[in-house]
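Counting in numbering that gives the first Met the number 0, the final residue of the sequence shown is number 309, and the numbers go up one at a time with none missing.
Remarks on the structure that follows.
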Amino acid sequence: MRQKNAQKGPQMPKRLTAEQLATASIAVALLVLAAKALAWWLTGSIALFSDAMESLVNIGGAIIAWFAVRYANRPADAGHPFGHHKAEYFSAVVEGIMIIVAALLILQEAVSALVAPTPLVWNTAGLWVNAAAMVINLFWARVLIARGAALKSPALAAGGRHLMSDVWTSAGVLVGLILAMGTGWPLLDPILALLVAVNILREGYLVVASSVGGLMDQAAPQNERDEIAAIIHRTAQGALQVHGLKTRRAGQAVFVEFHMVVAGDMTVRASHAICDRIEEAIRASLSTAQVTIHVEPEHKLEDSGIQLGQ
């Protein structure tokens, strides 16, 4: 049994690291919360209150993600020989639960406002402030989604998806508030808050569901599995067959293991050279790959597997 690890990620000196992005997310969340709270104070809108509440959740999620990213980046140790990568999945689950709690609080406020609606205060400044906060969230959501995917960071990706949901919520709230203030029908405000809460509940569920897969050792995405199989087929010259290919994602790391069948009279040196060639090719494509290869003699050939020519 042989195992080789590749802990280093892609070298991007001009790009923010996952930890730096998580730190910046806290600052962005504080700025957006301040803007949305001001917009709520200026207008008295329950819908804007719900929008501000979601931003409060964003701060908690950003702080949790910061700790998770730092912990996940720790190198493997005696107590955690496969690394700490799964910490980011726990962060995403906690953020999903926080999103759901915020949605329930918004539902409570919206129902109260439906029972006793209050007139809205037309305040152009409040609407502009909330629109500015929405633009900031849109920019940062796109950054987190793109870099979270590039860095294979569940915590950053979950934060980005949450912010993008916040953007659509804010856009709907702004349009609805303009209609409510223009028509003088205050019930539109709590109705919008109810719709916001339902959208937030949905987002919380999606964040939790996507993270549970990682905690349950879900296989790497299909495109990565296909790529790994193609690399093995291309670089395993000298072996007879590869079978039992398994993969799993754990945050930024991908774990790959399989059995490689070689001729019974092949030397250890020769089989070792094939393993090195395969591992280096996989790591060239997936820089965080940790590869384990079990070498077997030819009587272990199976009907299924990747058949190789000598």
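A virtual CB, placed ideally from N, CA and C, is assigned to each residue, including glycine.
- Our two residues, Val255 and Pro189, have alpha carbons roughly 51 Å apart in a direct line.
- Nearest neighbour of Val294 by Cα position, chosen from Ala283, Ser286, Ile277, turns out to be Ile277.
- The closest CA to that of Cys274, considering only Ile230, Gly250, Ser303, is found on Ile230.
- Restricting attention to Ser169, Leu137, Phe48, Leu155, the CA atom closest to the CA of Trp39 is found in Phe48.
- For Val255, DSSP records a beta bridge to Thr246, Val290.
- In the structure shown, the three-state DSSP call for Glu295 is strand.
- Counting every other CB atom within 10 Å of its CB across the protein chains shown gives Met215 a total below 16, marking it as exposed.
- Assignment of Asp225 by DSSP, reduced to helix, strand and coil, places it in the helix class.
- With contacts defined by Cβ atoms closer than 8 Å, Leu186 and Gly175 do not form a contacting pair.
- If you draw a straight line from the Cα of Val27 to the Cα of Ile62, it comes to about 11 Å.
- Here Glu202 is buried. Its C-beta has 16 or more other C-beta atoms within 10 Å.
- Taking a cut-off of 8 Å for Cβ pairs, the stretch 228 to 245 and the stretch 80 to 100 do not touch, as fewer than three such pairs fall below it.
- In this structure, Val241 lies away from Met265, with their beta-carbon atoms at least 8 Å apart.
- Exclusion of the five residues before and after Ile177 leaves Leu126 as the residues of its chain whose Cβ lies within less than 8 Å of its Cβ.
- A straight line joining the alpha-carbon of Val134 with that of Ala283 spans about 38 Å.
- The criterion of a C-beta distance shorter than 8 Å is not satisfied by Leu37 and Ser54.
- Of the residues Glu223, Gly59, Gln251, the one whose Cα lies closest to the Cα of Leu162 is Gly59.
- Rounded to the nearest whole angstrom, the CA to CA distance from Ile305 to Ala131 is 55 Å.
- In the structure shown, the three-state DSSP call for Glu301 is coil.
- Inter-segment contact for the stretch 14 to 24 and the stretch 134 to 143 is present: three or more beta-carbon pairs are separated by less than 8 Å.
- By the neighbour-count criterion, in which a residue is buried when 16 or more other Cβ atoms sit within 10 angstroms of its Cβ, Arg248 is buried.
- In terms of Cβ geometry, Glu94 and Ala115 do not form a close pair [threshold 8 Å].
- The beta-carbon separation of Gly263 and Glu301, rounded to 16 Å, does not stay under the 8 Å limit for a contact.
- Less than 8 Å separates the beta-carbon of Ala46 from that of Ala192.
- Burial state of Val267 is exposed, judged by a 10 Å Cβ sphere holding fewer than 16 other Cβ atoms.
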